[in-house]
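Working notes for the structure below.
Chains as they are written, first to last, in our numbering: chain A, 378 to 476; chain B, 252 to 417.
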């Protein structure tokens with residue numbers, strides 16, 4: 378079966394951008410799927426299944442990114458990861474935690 | 252003797268990390284952040300630091316320094332990647348109190364200074380300085396890492412040891 382690449386744009390809602398914790402949430406979500414999943418920012422694509430990949434994109438609040446999926450389960454992946462990217466992902470802003 | 256030849260061919264490699272900070276090493280379950288304490292970010296341990304100089308626990312490559320310099324990811328030649336995240340929610344300091352001494356792409360040797368940080372500032376601003384040291388691509392590991400808990404001195408060998416599958 379041939380797959381046709383799917384893509385959609387999102388504006389990042391997490392006030393602190395995709396730092397380690399929200400980036401890992403994206404990676405964990407993407408890693409459930411067999412299709413290839415990339416996040417594109419300013420014309421450069423990053424592997425959404427790699428923490429280094431997502432962090433390397435340096436995604437900030439208000440950035441527009443494109444989610445690209447191709448392969449088995451791509452429609453579900455677009456929906457699941459897209460919903461995450463379109464949300465604040467976690468409470469804003471990060472609270473301080475006492476030792 | 253013969254068993255040596257009959258064993259399936261594996262190319263496992265044992266990697267031992269040195270302590271990147273002085274302080275107390277504790278289980279991840281003691282980290283006041285669910286993502287780390289429940290192991291969602293990766294497997295490893297955390298250090299309650301007593302000083303603000305983070306050194307590299309291994310020789311390898313810096314694959315990412317977060318722009319606010321509170322976290323770094325290192326890659327060993329085996330491909331295993333280790334995240335060191337200084338403090339909890341310290342992303343909110345937006346870089347204040349942190350100075351990176353390396354940049355993404357740098358080759359580093361074990362013991363090289365990676366980040367210097369103001370431990371007093373973290374505390375006075377009310378942040379936990381507990382620093383998780385976790386393997387973020389744990390599918391490359393043959394088994395869970397061996398962790399050494401208790402007092403640690405920066406540069407001391409044997410904080411964390413693991414075997415890779417390749």
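Just so it is clear, CB atoms sit at the ideal spot from N, CA and C, and this is done for glycine as well. This structure is a prediction, so every number in the text was calculated from the model and none was measured.
For residue i, the first and last residue of its enclosing alpha helix (DSSP H)
i, result
"residue 325 of chain B", "Here residue 325 of chain B belongs to no alpha helix (DSSP H); instead the beta strand (DSSP E) covers 322-326."
"residue 403 of chain A", "397-408"
"residue 431 of chain A", "428-433"
"residue 276 of chain B", "Looking at the DSSP string, residue 276 of chain B is not in any alpha helix (DSSP H); the run it does join, the beta strand (DSSP E), is 274-278."
Span of the beta strand (DSSP E), counted from its first residue to its last, around residue i
i, result
"residue 345 of chain B", "Note, residue 345 of chain B: premise wrong, no beta strand (DSSP E); not H, not E."
"residue 334 of chain B", "332-336"
"residue 384 of chain A", "383-388"
Backbone secondary structure at residue i - three-state DSSP
i, result
"residue 402 of chain B", "strand"
"residue 291 of chain B", "coil"
"residue 319 of chain B", "coil"
"residue 458 of chain A", "helix"
"residue 418 of chain A", "strand"
"residue 310 of chain B", "coil"
"residue 412 of chain B", "strand"
"residue 449 of chain A", "coil"
"residue 393 of chain B", "coil"
"residue 465 of chain A", "coil"
"residue 270 of chain B", "coil"
Exposure of residue i, with buried meaning 16 or more beta-carbon neighbours within 10 Å
i, result
"residue 401 of chain B", "exposed"
"residue 455 of chain A", "buried"
"residue 286 of chain B", "buried"
"residue 415 of chain A", "buried"
"residue 350 of chain B", "exposed"
"residue 452 of chain A", "exposed"
Contacts that residue i makes with chain A (C-beta to C-beta distance below 7 Å)
i, result
"residue 369 of chain B", "Those within 7 Å of residue 369 of chain B in chain A number zero; the least Cβ separation is about 16 Å."
"residue 286 of chain B", "398, 401"
"residue 332 of chain B", "429"
Chain-ordered chain B contacts of residue i [CB-CB under 8 Å]
i, result
"residue 393 of chain A", "342, 343"
"residue 435 of chain A", "318"
Contact set between residue i and chain A, taken where Cβ atoms lie within less than 8 Å
i, result
"residue 336 of chain B", "397"
"residue 317 of chain B", "396, 397, 432"
Entirely enclosed alpha helix (DSSP H) segments - the segment 343-379 of chain B, minimum 4 residues: For the segment 343-379 of chain B, whole alpha helix (DSSP H) runs of length 4 or above, ordered along the chain, are 370-375.
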